[in-house]
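J.: Letter by letter, the sequence shown follows residues 1303 to 1463 of the working numbering. Ideal Cβ placement from N, Cα and C applies to all residues, glycine included. None of these values were measured; they are calculated from a predicted model. A single structure is presented below for examination.
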Amino acid sequence: MRRVALAIALTLFVTSLVVPAALAANPHFINASANLDQNGNLVVSWKEAGLGDNQLIDYTASADATATYACINGGGKHPQATNKETVSGPVSASGTFSSGKNGQITASLTVPPPDKGDFSCPPGQRLVLASVSYTNVSITDTTNGITEPIPGTFSKTFFEV
1303 MRRVALAIAL
1313 TLFVTSLVVP
1323 AALAANPHFI
1333 NASANLDQNG
1343 NLVVSWKEAG
1353 LGDNQLIDYT
1363 ASADATATYA
1373 CINGGGKHPQ
1383 ATNKETVSGP
1393 VSASGTFSSG
1403 KNGQITASLT
1413 VPPPDKGDFS
1423 CPPGQRLVLA
1433 SVSYTNVSIT
1443 DTTNGITEPI
1453 PGTFSKTFFE
1463 V
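Written out as structure tokens, the structure is:
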């Protein structure tokens, strides 16, 4: 009888240690935002809490993007209307971050525009990103399966073509 009582007491003690830790982990995004840097990359920033201490969390920032590439001459002009390429498609960036001792992560990922592909410029002209636009932006905590949408369209025109 004493062994049974000891086993029950030990089980209750261990459970009392484990259950609060499990209940404390309640991953959720506190905020998420996006903006464009000077090169046309989408910078997605966020804060997530309820992760537990010192946890490695995987994230993916994703969006649908459209980029227009063009050829510019030495005078900064776009000499031929047909000498440009518009590409569209999904873009993303991923990274792993630690929650530290406070169970939170505040971080950013930089998502590049769609690649120019085979588009190139003739001699004497340089290839530039003329404009870029991102929609359907989101940040996903892939470790815990949580996605936070970031509403809006984020766009910038560098050269009129």
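1. Can you determine whether any heavy atom of the ligand ADP sits closer than 6 Å to the C-beta of Ser-1396, and answer yes or no?
2. Which value, in whole angstroms, describes the spacing of the CA atoms of Lys-1418 and Ala-1432?
3. Grouping DSSP H, G and I as helix and E and B as strand, with all else coil, what is Ala-1323?
4. Let me check understanding here. Comparing Cα to Cα, which of Asn-1438, Pro-1425 and Ala-1327 lies closest to Thr-1449?
5. Using a threshold of 7 Å, state whether the C-beta atoms of Ser-1401 and Leu-1353 are closer than that.
6. Expressed to the nearest angstrom, what Euclidean distance is found between the alpha-carbon atoms of Phe-1474 and Asn-1328?
7. Starting from the Cα of Val-1389, find the closest Cα among Ile-1374, Phe-1399 and Asp-1420 and give me that residue.
8. Alpha carbon to alpha carbon, how far is Ala-1372 from Val-1430?
9. Helix, strand or coil: how does DSSP classify Asn-1337 here?
10. With distance defined between alpha-carbon atoms, name the residue in Phe-1331, Pro-1424, Leu-1358 and Asp-1366 nearest to Phe-1456.
11. Relative to the alpha-carbon of Asp-1355, which residue among Gly-1426, Lys-1403 and Gly-1447 has its alpha-carbon at the smallest distance?
12. At which residues does the beta strand (DSSP E) containing Lys-1418 begin and terminate?
13. Can you say whether Thr-1459 is buried or exposed, counting buried as having 16 or more other CB atoms within 10 angstroms of its CB?
T.: This is what the structure gives:
1. Looking for the ligand ADP in the displayed structure turns up nothing, as the structure carries no ligands at all.
2. As a first step, residue 1418 must be located in the sequence shown, where it is residue number 116. As a first step, residue 1432 must be located in the sequence shown, where it is residue number 130. Approximately 11 Å, taken between the alpha carbons.
3. Translated into positions along the sequence shown, residue 1323 becomes position 21. Bear in mind that the predicted position of Ala-1323 carries a pLDDT of just 44, short of 50, making it unreliable; the figure below should be weighed with that in mind. Helix, per DSSP.
4. For the purposes of this step, residue 1449 is taken as residue 147 along the sequence shown, with counting starting at 1. Checking every option, the nearest Cα to that of Thr-1449 belongs to Asn-1438.
5. To locate residue 1401, count along the sequence shown from 1; it is residue 99. To locate residue 1353, count along the sequence shown from 1; it is residue 51. Yes, the Cβ-Cβ distance between Ser-1401 and Leu-1353 is below 7 Å.
6. Because the chain spans 1303 through 1463 in this model, residue 1474 falls outside it and cannot be assessed.
7. Walking along the sequence shown from the start, residue 1389 turns up at place 87. Closest in C-alpha terms to Val-1389, from the list Ile-1374, Phe-1399 and Asp-1420, comes Asp-1420.
8. The residue you call residue 1372 lines up with position 70 of the sequence shown. The residue you call residue 1430 lines up with position 128 of the sequence shown. Taking the straight line joining both Cα atoms gives about 6 Å.
9. Numbered from 1 along the sequence shown, position 35 holds the residue referred to as residue 1337. Strand.
10. Stepping through the sequence shown from its first residue, residue 1456 is reached at position 154. The candidate whose alpha carbon is nearest that of Phe-1456 is Asp-1366.
11. By one-based count along the sequence shown, residue 1355 stands at place 53. Ranking Gly-1426, Lys-1403 and Gly-1447 by Cα distance to Asp-1355 puts Lys-1403 first.
12. Taking the sequence shown and counting its residues from 1, the one referred to as residue 1418 is at position 116. Neither: Lys-1418 is in no beta strand (DSSP E) and is coded neither H nor E.
13. In the sequence shown, counting from the first residue as 1, residue 1459 sits at position 157. Thr-1459 should be labelled exposed.
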